[in-house]
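Enquirer:
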Amino acid sequence: MGLLDNKTAIVTGSSRGIGAATAKLLAGEGAAIVVNYRQKAPRANKVVAEIEAAGGRGIAVGGDLTKQVDVDALAQAAIDTFGSLDVLVLNASGGMESGLGEDYALRLNRDAQIAMLKAAAERMKPGSRVVFVTSHQAHFIDTVETIGAYEPVARSKRAGETALRELIPWLSEKGITFVVVSGDMIEGTITATLLDRAEPGAIEARREAAGKLYSVEEFAAEVAKMATADVETGHTELVGGAQQFEA
96 MGLLDNKTAI VTGSSRGIGA ATAKLLAGEG AAIVVNYRQK APRANKVVAE IEAAGGRGIA
156 VGGDLTKQVD VDALAQAAID TFGSLDVLVL NASGGMESGL GEDYALRLNR DAQIAMLKAA
216 AERMKPGSRV VFVTSHQAHF IDTVETIGAY EPVARSKRAG ETALRELIPW LSEKGITFVV
276 VSGDMIEGTI TATLLDRAEP GAIEARREAA GKLYSVEEFA AEVAKMATAD VETGHTELVG
336 GAQQFEA
């Protein structure tokens with residue numbers, strides 16, 4: 096018996112990296128998984144195939160989270176395919192990509208997160224949970240400076256977290272809990288790759304300062320745990336290296 100038997104989870108941005116690893120872990124706990132991707136259908140389908148090969152259930156649903164019609168379709172896909180929506184993992188983020196507009200980071204990391212949460216919450220039953228994934232660099236940006244190339248993304252993610260927290264009373268009325276998982280830079284993610292390209296040596300410097308950076312799989316395990324952890328709504332789970340930021 097898994098902790099999420101007969102439950103359904105949406106993991107945004109789950110065709111690769113932390114999202115894909117989290118989706119597979121939640122599937123291992125019994126959840127049916129809606130794997131979300133923006134463009135790379137083959138990668139998302141591969142994640143679903145891996146879930147199914149392990150005995151789980153999954154479906155890949157494409158959608159640009161900055162478009163309301165896609166957000167609504169993603170939330171409804173969980174209901175139409177599996178009959179419920181019980182866990183939403185807000186993992187998708189970005190802002191360092193080129194060619195998507197100067198305001199893309201804010202549209203994705205704040206506006207799209209709010210839209211996705213609201214669309215999901217309208218379909219969730221009491222006892223459901225929302226997990227927002229962020230970084231220490233974003234969570235603590237108001238008190239701790241971050242790497243220059245990452246600052247616009249960090250500020251947009253902090254704006255997203257703040258806006259989502261403002262919805263906690265509304266979620267509580269629906270019986271839905273909201274938690275945040277914050278981690279340091281993660282080895283092997285696209286953000287780390289782009290950041291090191293923009294500022295060579297930035298990730299190595301962060302690794303030395305922290306002593307260790309989590310791998311994708313290690314961090315995903317912490318995210319997956321928070322889907323069922325016995326914590327109060329509004330809880331922030333600080334994963335690895337947070338002491339420097341708190342100090």
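Here the sequence shown is numbered in our numbering, starting from 96 and rising by one per residue.
By construction, the Cβ of each residue, glycine as well, lies at the ideal position given by its N, Cα and C atoms.
Source: prediction; values computed, not measured.
1. Which word fits GLU299, buried or exposed, when buried means at least 16 other C-beta atoms lie within 10 angstroms of its C-beta?
2. In its own chain, which residues sit with a C-beta less than 8 Å from the C-beta of LEU203, not counting the 5 before and 5 after it?
3. If VAL239 and PHE340 are in contact, beta carbons under 8 Å, what's the gap, nearest whole angstrom?
4. Have a look at ASP175 and VAL130 and give me their C-alpha separation to the nearest angstrom.
5. Mapping DSSP to helix, strand and coil, what is PHE273?
6. Would you grab the beta carbon distance between ASP279 and SER230 for me? Rounded to a whole angstrom, and I think it's under 8 Å.
7. In this structure, how does DSSP classify TYR309 when only helix, strand and coil are distinguished?
8. Which same chain residues, not among the five before or five after ARG205, have their C-beta less than 7 Å away from its C-beta?
9. Taking 8 Å as the threshold (C-beta atoms), are ALA144 and GLY158 in contact?
10. Leaving aside the five residues before and after ALA136 along the sequence, list all residues of the same chain whose C-beta is less than 7 Å from its C-beta, in chain order.
11. State the DSSP-derived secondary structure class of GLU282, mapped to helix, strand or coil.
12. Can you grab the Cα-Cα spacing for the pair VAL142 / MET211, in whole Å?
13. What is the residue span of the alpha helix (DSSP H) that PHE177 lies within?
14. In this structure, does DSSP put GLU332 in helix, strand or coil?
15. For MET85, does the count of other Cβ atoms within 10 angstroms reach 16, so buried, or fall short, so exposed?
16. Three or more C-beta pairs closer than 8 Å, one from the segment 300-307 and one from the segment 256-276: is that the case here?
17. Using alpha carbons as the reference points, say which of MET219, GLU332, GLY270 and VAL182 lies closest to GLU124.
18. Suppose you measure from the CA of VAL274 to the CA of ARG111; what does that come to, to the nearest Å?
19. Run through DSSP, which three-state label would ARG224 get?
20. Taking the beta strand (DSSP E) that ASN131 belongs to, which residues open and close that run?
Expert: Quick look at the numbers:
1. exposed
2. LEU160, THR161, ALA187, SER188, GLY189, GLY190 and SER251
3. 5 Å
4. Cα to Cα, ASP175 sits roughly 14 Å from VAL130.
5. strand
6. That pair is a contact at about 7 Å.
7. coil
8. Cβ within range, chain order: SER251, ALA254, GLY255 and ALA258.
9. no
10. ALA155 and GLY157
11. DSSP, read as helix, strand or coil, puts GLU282 in strand.
12. For VAL142 and MET211, the distance between alpha carbons rounds to 21 Å.
13. 163-177
14. strand
15. The shown model of the chain, from 96 to 342, leaves out residue 85, and the question about it has no answer.
16. no
17. VAL182
18. For VAL274 and ARG111, the distance between alpha carbons rounds to 22 Å.
19. It is a strand residue.
20. Residues 127-132.
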